[in-house]
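**Student:**
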Amino acid sequence: MLSSSIVALAAAYIRTDPEGELPSRDDQRAAITAYATEQNHRLVAVYEDLDAPGQLLYHRPGIKAAIDNIKEEEDWEVLIVAHPRTISDTESALHEFVHKFSLYNNRLECPLQAWDESLESMKSYRKAMSGK
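Numbered according to this note's numbering, the sequence shown spans residues 3 to 134.
1. Would you report the Cα separation of K125 and Q115, rounded to the nearest angstrom?
2. Is DSSP giving I72 helix, strand or coil here?
3. Note the first and the last residue of the continuous alpha helix (DSSP H) segment covering R31.
4. What's the C-alpha gap between A54 and I8?
5. Alpha carbon to alpha carbon, how far is G133 from Y15? Give it in angstroms, no decimals.
6. In terms of residue numbering, what span does the beta strand (DSSP E) encompassing L96 cover?
7. What is the DSSP secondary structure of D51, reduced to helix, strand or coil?
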């Protein structure tokens, strides 16, 4: 956990879905902003995929831009989402995303699940899928 005196640069990711099962854009933005304030993160970017299906990560321009940022520009170290499902509706895609972030020393955080929990869940999933 970061010390309250250390400010981490963060980005927000918001996805709404065609079925309306995810919180609204405004509700997600409010949850992300509150969480960023509580964690002493400074929001420097916002990525959005509005009315986007939750299956394929790489078919959404907002999430692709966030991934490109961690690979190339490194403008921030934490991506904040209101709920893990905003990344993907599928467990495998969510764990792939967490794995990619861990490789680049970035974090995915949300009010519902700490980075350490996401990382442990991803590792358990990968271990189970490899049959070990």
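Built from N, CA and C at the ideal position, the CB exists for glycine as well.
Note that the structure is predicted; figures quoted are calculated from it, not measured.
**Tutor:** Let me spell this out:
1. Going by the C-alpha atoms only, they are around 15 Å apart.
2. In the structure shown, I72 falls within a helical segment according to DSSP collapsed to helix, strand and coil.
3. Per DSSP, the continuous alpha helix (DSSP H) segment holding R31 begins and ends at 27-41.
4. A straight line joining the alpha-carbon of A54 with that of I8 spans about 34 Å.
5. Distance between the alpha carbons of Y15 and G133: 33 Å.
6. Run containing L96: none in the beta strand (DSSP E); it sits in the alpha helix (DSSP H), 93-105.
7. The answer is strand: DSSP assigns D51 an E or B state.
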